[in-house]
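Student: In this text, residue positions in the sequence shown follow our numbering: the first is 3, and each later residue adds one.
In this text, a Cβ means the ideal position worked out from N, Cα and C, and glycines have one as well.
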Amino acid sequence: MTTNPSPTTQQTPSGLPAAIGAYLIWGFLPLYMSLVTMVPAFEFVGWRIIWTLPFCLLIVAMRKQFGALRAAISNPRAMLALLASASLIAINWLVYIWAIAENQIYAASLGYYLNPLLNVLLGTVFLGERLSKWQWLAVAIAASAVALLSMGALTTLWISLTLAFSFGLYGIVRKQVDVGSLPGLTIESGILLLPAVGVAGWYAMSDQGTVFGSDPALTAIIAFAGVVTAVPLLLFAIAAKRMDYSTLGFIQYLAPTIVFLLGLTFFGEQLRPVQLGSFILIWIAVAIFIADLWFKTHRARAAAAKETTV
3 MTTNPSPTTQ QTPSGLPAAI GAYLIWGFLP LYMSLVTMVP AFEFVGWRII
53 WTLPFCLLIV AMRKQFGALR AAISNPRAML ALLASASLIA INWLVYIWAI
103 AENQIYAASL GYYLNPLLNV LLGTVFLGER LSKWQWLAVA IAASAVALLS
153 MGALTTLWIS LTLAFSFGLY GIVRKQVDVG SLPGLTIESG ILLLPAVGVA
203 GWYAMSDQGT VFGSDPALTA IIAFAGVVTA VPLLLFAIAA KRMDYSTLGF
253 IQYLAPTIVF LLGLTFFGEQ LRPVQLGSFI LIWIAVAIFI ADLWFKTHRA
303 RAAAAKETTV
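(1) What three-state label does DSSP hand Pro42 in the structure shown?
(2) Note the first and the last residue of the continuous alpha helix (DSSP H) segment covering Asn94.
(3) Going by Cα to Cα distance, which pick from Glu309, Asp209 and Pro118 is closest to Ile290?
(4) Report the three-state DSSP secondary structure of Ala166 (helix, strand or coil).
(5) Using only CA atoms, which one of Leu159, Ile52 and Asp180 lies nearest to Ala109?
(6) For a test of the three-state rule: what should DSSP assign to Val179, helix, strand or coil?
(7) Nearest CA to the CA of Ala139: which residue from Val97, Leu123, Ala222 and Met81?
(8) Compare the beta carbon distance of Leu236 and Leu165 with 7 Å and say whether it is the shorter of the two.
(9) Helix or strand or just coil, what does DSSP make of Ala273?
(10) Where does Met245 fall in DSSP's three states?
(11) Under a three-way DSSP split, which group does Phe262 fall into?
(12) Does DSSP classify Gln106 as helix, strand or coil?
(13) Could you spell out the range, first to last residue, of the alpha helix (DSSP H) harbouring Ser208?
(14) Between which two residues does the alpha helix (DSSP H) holding Gly17 run?
(15) Pick from Ala73, Leu33 and Met40: whose alpha carbon is nearest that of Ile107?
(16) Ordered along the chain, which non-local residues of its own chain (more than five positions away) have a Cβ less than 7 Å from that of Phe30?
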């Protein structure tokens, strides 16, 4: 006798399209960042936050989510969590923008290769997820890659580790707070707005910054930061709510692979032997991790098919 899936199972939307969309945008983000390398990293982060908020509010209005926004703002626990997530994503943006401006493409790429492996550890610590022996092996090999960099590329290792930990912890916080993806990002942008305006204003009054509005083309490119910031983060938040956190980490390998290839081709950054050795170790860890996920998924589907055909 064959049983049909329940209506709830059929109607549960998949987070896969959202995850792929987010990581494709993040993968090609260095191409956009190459257009604003003349803007100091701190100043650009300020403008990025300033332009993200109105874009989010526009979408909130279109989706009629002001009620959810007010509910989140009136929830002290949610606001405390969003204060933490806003701080983490601001650190992530600043380090990433600085790394691209300084042509440290490989360090940025490595950070996001490490992040999914860090995610499985964070999922174990904070979400009660369990690692298989193969996942532990992948994490151990990734740790060896970090150790190798610490011996030969210590000056850029902090970039990779900061990016990995800041975004990993950001995802953990957002997954646990009961706030929708769009209201959450809107509140995060609002929390960061005052410091962002202060930073942008300081640069506007100094001779170190870019005079916003003096160059129409550059102004438009900077303003577009609101779109390239909000869209992938919204997609990521949607995916994080709908997918197992460890599986979400698997899809994340799409972004650092694109960034690595851009560093090798478009940016022409020299790949040092110690960096190549570290990447090889990471790729081995990634292969083990992906193979383990594939076999687990295959076994789960086989078991589910057997149950529905009893």
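Tutor: The short version:
(1) The residue given as residue 42 occupies position 40 in the sequence shown. Coil, per DSSP.
(2) Within the sequence shown, residue 94 is the residue found at index 92, counting from 1. Where Asn94 is concerned, the enclosing alpha helix (DSSP H) stretches over Pro78 to Ala103.
(3) What you label residue 290 is simply residue 288 of the sequence shown in a count that begins at 1. Nearest option by C-alpha distance: Pro118.
(4) Here the question's residue 166 lines up with position 164 in the sequence shown. Three-state result, Ala166: helix.
(5) Position 107 of the sequence shown, counting from 1, holds the residue named residue 109. Answer by Cα proximity: Leu159.
(6) In the sequence shown, counting from the first residue as 1, residue 179 sits at position 177. Note: Val179 maps to coil in three-state DSSP.
(7) As a working note, residue 139 is residue 137 in the sequence shown. Inspection of the sequence shows that residue 139 is occupied by Leu rather than by Ala. Among Val97, Leu123, Ala222 and Met81, the Cα nearest to that of Leu139 belongs to Leu123.
(8) Position 234 of the sequence shown holds residue 236. Position 163 of the sequence shown holds residue 165. No.
(9) As a position in the sequence shown, residue 273 is number 271, starting the count at 1. Note that residue 273 is Leu in the sequence shown here, rather than Ala. If DSSP states are grouped into helix, strand and coil, Leu273 belongs with coil.
(10) Within the sequence shown, the letter at position 243 stands for residue 245. DSSP places Met245 in coil when its eight states are reduced to three.
(11) As a first step, residue 262 must be located in the sequence shown, where it is residue number 260. Phe262 falls in the helix class under three-state DSSP.
(12) Here residue 106 refers to the residue found at position 104 of the sequence shown. DSSP places Gln106 in coil when its eight states are reduced to three.
(13) Along the sequence shown, one-based indexing puts residue 208 at 206. Run containing Ser208: none; DSSP gives neither H nor E here.
(14) Taking the first residue of the sequence shown as position 1, residue 17 is located at position 15. Element bounds for Gly17: n/a, residue is neither H nor E.
(15) Counting from 1 along the sequence shown, the entry for residue 107 is found at position 105. Comparing Cα-Cα distances from Ile107 to each of Ala73, Leu33 and Met40, the minimum goes to Leu33.
(16) On the sequence shown, position 28 is the one that residue 30 refers to. Hits under 7 Å: Ile260.
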